[in-house]
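What follows is one structure encoded as structure tokens, with my remarks underneath.
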Amino acid sequence: MTSLPILYTLGHSNHSLERFLELLRLHKIETVGDVRSQPYSPYCPHFNREALQIALLQNGISYLFFGRELGARTEDTSCIIEGRVDYDSL
Numbered sequence: 020m021t022s023l024p025i026l027y028t029l030g031h032s033n034h035s036l037e038r039f040l041e042l043l044r045l046h047k048i049e050t051v052g053d054v055r056s057q058p059y060s061p062y063c064p065h066f067n068r069e070a071l072q073i074a075l076l077q078n079g080i081s082y083l084f085f086g087r088e089l090g091a092r093t094e095d096t097s098c099i100i101e102g103r104v105d106y107d108s109l
């Protein structure tokens, strides 16, 4: 019987890039799916989309961007109720 892949959720907090990569390796993470609609941080620039993608690929970890599909910001007004995203509508 084939086992199904496991999906983890994670946040980068204010970890150093080295510690973040260490945690991914520790838990045998093979692919990171980034769901941030705006994947940029002035406080942790090593987690900006391009920098993170390069670092992950250099460490044998795939990077997929899903910010448009799953991010917290949307331009589809049918998914916004009273100024907030209605995730059931996405």
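Numbering (the working numbering), first residue to last: 20 to 109.
Ideal placement from N, C-alpha and C gives every residue a C-beta, glycine not left out.
In whole angstroms, give me the CA-to-CA distance for residue i and residue j.
| i | j | result |
| --- | --- | --- |
| Glu-49 | Ile-100 | 36 Å |
| Asn-67 | Gln-57 | 9 Å |
| His-65 | Arg-38 | 12 Å |
| Gln-72 | Lys-47 | 17 Å |
| Pro-61 | Thr-21 | 43 Å |
| Leu-23 | Leu-29 | 19 Å |
Among the options, which has the Cα closest to the Cα of residue i?
| i | options | result |
| --- | --- | --- |
| Glu-41 | Glu-69, Gly-52, Tyr-62, Ile-80 | Ile-80 |
Assuming contact is defined by CB atoms lying nearer than 7 Å, are residue i and residue j in contact in what I supplied?
| i | j | result |
| --- | --- | --- |
| Val-51 | Gly-90 | no |
| Leu-45 | Ala-74 | no |
So, is residue i buried or exposed, given that buried needs 16 or more other C-beta atoms within 10 angstroms?
| i | result |
| --- | --- |
| Leu-83 | exposed |
| Leu-76 | exposed |
| Leu-43 | buried |
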